[in-house]
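Enquirer:
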Amino acid sequence: ASYKPLLKQVVEEICNPDRPDPVDIEHMSSGLTDLLKTGFSMFMKVNRPHPGDHPLLIIFMVGGVTVSEVKMVKDLVATRKPGTQ
12 ASYKPLLKQV VEEICNPDRP DPVDIEHMSS GLTDLLKTGF SMFMKVNRPH PGDHPLLIIF
72 MVGGVTVSEV KMVKDLVATR KPGTQ
C-alpha cells in the first residue's frame, strides 16, 4: 500500500480532464439569482460549475499543510492545468 495525501487526491480530482463532478467539493451559490438557478436546476438539466474551469483556485486547509504538500500541489497544477495559479 502506498500513501497518497488527501490534498493530492482533491487536487487531482479538480484537475481531472475527464471532468466528473468532484465528490469532496460542493458549489455554494450566493445571492438570490444563484439560489433561483439552483432551485430550477432540479427540474432542468443544468451543470454546476467545475472548479477546474477557473484560472484561480483557492484551497483552504484546516490544520495546516507541509512544505512537501505545497510543492506537490504546485507541481500537479503546473503539469495538468498550465496557466492556473
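Numbering (our numbering), first residue to last: 12 to 96.
C-beta: ideal position from N, C-alpha, C; glycine also.
These numbers come from a predicted model, not from an experiment.
1. In angstroms with no decimal places, state the Cα-to-Cα distance between residue 64 and residue 83.
2. Does the distance from the C-beta atom of residue 80 to that of residue 17 stay below 7 angstroms?
3. Does the Cβ of residue 88 have 16 or more other Cβ atoms within 10 Å, making it buried, or fewer, making it exposed?
4. Taking the beta carbon of residue 78 as the centre, do at least 16 other beta carbons fall within 10 Å, making it buried, or is it exposed?
5. Considering only residues of the same chain and omitting the five flanking positions on each side of residue 23, which have a CB-CB separation below 7 angstroms?
6. In its own chain, which residues sit with a C-beta less than 8 angstroms from the C-beta of residue 94, not counting the 5 before and 5 after it?
7. Under a Cβ-count criterion, where at least 16 other Cβ atoms within 10 Å of its own Cβ denotes burial, should residue 70 be classed as buried or exposed?
8. Alpha carbon to alpha carbon, what distance is there between residue 85 and residue 32?
Expert: Inspection of the coordinates gives the following:
1. Sequence index remark: in the sequence shown, residue 64 carries index 53 (1-based). Sequence index remark: in the sequence shown, residue 83 carries index 72 (1-based). Between residue 64 and residue 83, the C-alpha separation is close to 21 angstroms.
2. Walking along the sequence shown from the start, residue 80 turns up at place 69. Walking along the sequence shown from the start, residue 17 turns up at place 6. No, Cβ-Cβ distance for residue 80 and residue 17 is not below 7 angstroms.
3. What you label residue 88 is simply residue 77 of the sequence shown in a count that begins at 1. By the neighbour-count rule (16 or more Cβ atoms within 10 Å), residue 88 is buried.
4. Translated into positions along the sequence shown, residue 78 becomes position 67. With fewer than 16 Cβ atoms within 10 Å of its Cβ, residue 78 is classed as exposed.
5. Within the sequence shown, residue 23 is the residue found at index 12, counting from 1. 87.
6. The residue you call residue 94 lines up with position 83 of the sequence shown. Cβ within range, chain order: 66.
7. Numbered from its first residue, the sequence shown carries residue 70 at position 59. It is exposed - the Cβ of residue 70 has fewer than 16 other Cβ atoms within 10 Å.
8. Residue 32 sits at position 21 when you count from the first residue of the sequence shown. Residue 85 sits at position 74 when you count from the first residue of the sequence shown. Their backbone Cα atoms lie some 22 angstroms apart in a straight line.
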